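Visitor:
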Amino acid sequence: MGGESMIKVLALIGKLLDYPTPLLCAHKDELVEAMQSSPHLPPQMRRNLMAHIDRELSRDIYDLQVRYDGLFDRGRSLSLLLFEHVHGESRDRGQAMVDLLNVYLDAGMQPRADELPDYLPLFLEFLSTQDAETAVQWLFEVSQILQLLAERLRKRQAWEAELFEALLVICGSPLGNSDIADKVAAEADDTTLAALDKAWEDKEIRFDTQLQQDHTWDHAWDHACPKTLERASELLSEQPVVWQPLNRKSTSKEV
Numbered sequence: 014m015g016g017e018s019m020i021k022v023l024a025l026i027g028k029l030l031d032y033p034t035p036l037l038c039a040h041k042d043e044l045v046e047a048m049q050s051s052p053h054l055p056p057q058m059r060r061n062l063m064a065h066i067d068r069e070l071s072r073d074i075y076d077l078q079v080r081y082d083g084l085f086d087r088g089r090s091l092s093l094l095l096f097e098h099v100h101g102e103s104r105d106r107g108q109a110m111v112d113l114l115n116v117y118l119d120a121g122m123q124p125r126a127d128e129l130p131d132y133l134p135l136f137l138e139f140l141s142t143q144d145a146e147t148a149v150q151w152l153f154e155v156s157q158i159l160q161l162l163a164e165r166l167r168k169r170q171a172w173e174a175e176l177f178e179a180l181l182v183i184c185g186s187p188l189g190n191s192d193i194a195d196k197v198a199a200e201a202d203d204t205t206l207a208a209l210d211k212a213w214e215d216k217e218i219r220f221d222t223q224l225q226q227d228h229t230w231d232h233a234w235d236h237a238c239p240k241t242l243e244r245a246s247e248l249l250s251e252q253p254v255v256w257q258p259l260n261r262k263s264t265s266k267e268v
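Those letters in the sequence shown? Residues 14 to 268, per the numbering used here, in order.
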C-alpha cells in the first residue's frame with residue numbers, strides 16, 4: 014500500500030463527506046482522477062466511487078446541499094460528529110473534544126473556530142497530515158463508529174456507504190459485523206416527520222437546556238490543561254468574525 018496515495022485518499026474522502034460547495038463541484042474531474050490513482054482500494058470499489066463522484070458532483074449544487082442536510086443533519090443517527098455516537102451529550106464528550114483539539118494543536122493544525130474537533134471531515138483532514146502508519150492507527154480507533162455509519166448508510170441505500178467502506182479497508186477493519194447489522198436493522202428512521210415530532214414531544218422542556226449544553230464544554234475547559242486553553246484561545250482570537258444568513262452553511266471552504 015502506497016503511503017502517500019493512501020493519505021491523499023483520506024483527504025479526498027474528507028472533502029466528499031463535507032458540506033458540498035460549488036468549489037468542490039468545480040474540481041470534479043480532479044477528484045475522479047485522484048480516486049482512480051488509489052491502487053490500495055479494491056478495483057471495483059474504486060470504479061464505483063469514481064462513478065459516484067462523477068454523477069453526484071454533476072448535479073445542481075442546491076440539490077446536493079438539500080440532500081446532504083437531509084442525510085447527515087436531519088437526525089442524529091448519521092451525525093458526522095464522531096463522539097456523539099460514543100458519548101451522546103454527556104460531559105465525557107466535551108472532555109474528549111478538548112483532548113482531540115489538543116492533539117490537532119500539537120500537530121500544528123489549526124481548525125476553524127466553527128468546527129467541532131470530532132467532525133469526521135476535520136478528523137480526516139488531520140489524518141492526511143500524518144504519516145501512513147499513524148493515520149491507520151487513528152482510523153482503526155474509530156473503526157466501530159465507521160462500521161455503524163456504513164451500515165446505516167447501506168440501510169438508506171446512500172452511496173456514501175462506500176466512502177466509509179473505503180476507510181475501513183484502509184485501516185484493515187471488517188466492513189461490518191452481525192451485531193451492528195442487527196442493531197441497525199431494528200432501528201427506526203429518526204429523520205421522518207413523525208420521528209422528529211416524537212423527539213420533540215419526548216424532550217423535557219427546560220429553559221436552561223442551552224445552559225446545560227454549554228456547561229458540557231465549560232466543564233471540559235475547566236479541566237483542560239493550561240497549555241490547551243492558551244493555544245485554543247489564541248486560535249479563536251485569530252479567527253475573523255464572518256456574519257452569515259440564518260440557516261445557511263458556509264461555502265467558502267477550500268477544496
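The C-beta atom is built at its ideal place from N, Cα and C for all residues, glycine as well.
Note that the structure is a prediction, hence the values are computed from the model and not measured.
Going straight from the alpha carbon of SER191 to that of ILE183, what length do you get?
Guide: Rounded to the nearest angstrom, the two C-alpha atoms are 21 Å apart.
Visitor: For VAL11, tell me which candidate among VAL99, SER156, SER90 has the shortest Cα-Cα distance.
Guide: Residue 11 is absent from the structure shown; the chain starts at 14 and stops at 268.
Visitor: Could you give the residue range of the alpha helix (DSSP H) that holds THR147?
Guide: 145 to 154
Visitor: What does the alpha-carbon distance come out to for the pair LYS41 and ILE26?
Guide: 13 Å
Visitor: Looking only at its chain, what residues have a beta carbon closer than 6 Å to the beta carbon of LEU159, apart from the 5 residues adjacent to it on each side?
Guide: PHE177, LEU180, LEU181
Visitor: What does a CB cutoff of less than 7 Å around LEU95 pick up in its chain, not counting 5 residues either side in sequence?
Guide: Excluding residues within five positions, the ones whose Cβ falls inside 7 Å are ASP131, LEU133, PHE136, VAL155, ILE158.
Visitor: So what's LEU181 in DSSP terms, helix, strand or just coil?
Guide: helix
Visitor: Under a Cβ-count criterion, where at least 16 other Cβ atoms within 10 Å of its own Cβ denotes burial, should GLY185 be classed as buried or exposed?
Guide: Of the other Cβ atoms in all chains shown, fewer than 16 fall within 10 Å of the Cβ of GLY185; this residue is therefore exposed.
Visitor: With distances taken from CA atoms, which of GLU173, ARG167, GLU175, TRP172 is nearest ALA194?
Guide: The residue among GLU173, ARG167, GLU175, TRP172 with its C-alpha nearest the C-alpha of ALA194 is ARG167.
Visitor: Measuring alpha carbon to alpha carbon, tell me which residue in GLN78, ARG165, VAL116 is nearest PRO33.
Guide: GLN78
Visitor: Run through DSSP, which three-state label would LEU70 get?
Guide: coil
Visitor: Where do the N-terminal and C-terminal ends of the alpha helix (DSSP H) with TYR32 fall, by residue?
Guide: TYR32 -> no alpha helix (DSSP H), and no H or E assigned at all.
Visitor: Mind reading off the beta-carbon distance from ALA163 to MET19? Whole number of angstroms is fine, and I expect it under 8 Å.
Guide: About 19 Å; that fails the 8 Å criterion.
Visitor: Quick one: residues in its chain with C-beta nearer than 6 Å to the C-beta of ALA174, no 5 flanking neighbours on either side, listed in chain order?
Guide: ALA163, LEU166, ARG167
Visitor: Looking at C-alpha atoms only, which residue of GLY16, LEU23, LEU30 is the closest neighbour of ALA171?
Guide: LEU30
Visitor: If you draw a straight line from the C-alpha of PHE139 to the C-alpha of ALA199, how long is it?
Guide: 34 Å
Visitor: Would you mind listing the alpha helix (DSSP H) stretches within the stretch 74 to 125 that are 4+ residues and don't spill past its ends, in chain order?
Guide: 74 to 81, 97 to 100, 104 to 119
Visitor: Measuring only the C-alpha atoms, how far is TYR81 from ARG72?
Guide: 13 Å
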